[in-house]
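Undergrad:
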Amino acid sequence: MNPFYIIAVVMFIIGIAPLSGLILFSPGLASEGWVGVVIVSFGLVTLAALVRAALSRRLIWIFVFLQVSLLLLVAYENLSHGALYMGT
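Letter by letter, the sequence shown follows residues 0 to 87 in this note's numbering.
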């Protein structure tokens, strides 16, 4: 098994919690500063790694779909001025 698949999936697993935190517990990226930018950047790098891995292994497309969904929810949260914000 190619270790790149494992790295891409591990990156996805690591990035779930921070992206979910941005979606549910943050009113927007402006309030997070550089930490929010780092989290979104890691999400985009993870998406690129997952797409590269999915080109060779079809099962990885499930992770690609989930990652795109998370990133779209972060974008929606930012553009809707905290519509999904649950508060802390």
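Built from N, CA and C at the ideal position, the CB exists for glycine as well.
As a quick exercise: from Trp-60, Val-44 and Leu-23, pick the residue whose alpha carbon is nearest that of Tyr-75.
TA: For the purposes of this step, residue 75 is identified with residue 76 of the sequence shown, where counting begins at 1. Nearest of Trp-60, Val-44 and Leu-23 to Tyr-75, Cα basis: Leu-23.
Undergrad: Mind reading off the beta-carbon distance from Phe-11 to Leu-49? Whole number of angstroms is fine, and I expect it under 8 Å.
TA: Working through the sequence shown from its first residue, we reach residue 11 at position 12. Working through the sequence shown from its first residue, we reach residue 49 at position 50. At roughly 6 Å, the Cβ-Cβ gap stays under 8 Å, so Phe-11 and Leu-49 are in contact.
Undergrad: Short of 8 Å in beta carbon distance, which residues of its chain neighbour Leu-70, apart from the five on each side in sequence? Order them along the chain.
TA: In the sequence shown, counting from the first residue as 1, residue 70 sits at position 71. These residues qualify, in order along the chain: Leu-18, Val-39, Gly-42, Leu-43 and Leu-46.
Undergrad: Is Asn-1 helix, strand or coil when you go by DSSP?
TA: The count along the sequence shown starts at 1 and reaches residue 1 at position 2. The answer is coil: DSSP assigns Asn-1 none of H, G, I, E or B.
Undergrad: Exposed or buried, Ser-68, counting other C-beta atoms within 10 Å across all chains shown (16 or more means buried)?
TA: Start at 1 with the first residue of the sequence shown, and residue 68 comes out as number 69. Ser-68 should be labelled exposed.
Undergrad: Between the C-alpha atoms of Tyr-4 and Ala-16, what's the straight-line distance to the nearest angstrom?
TA: For the purposes of this step, residue 4 is taken as the residue at position 5 of the sequence shown. For the purposes of this step, residue 16 is taken as the residue at position 17 of the sequence shown. Tyr-4 and Ala-16: Cα-Cα distance of roughly 20 Å.
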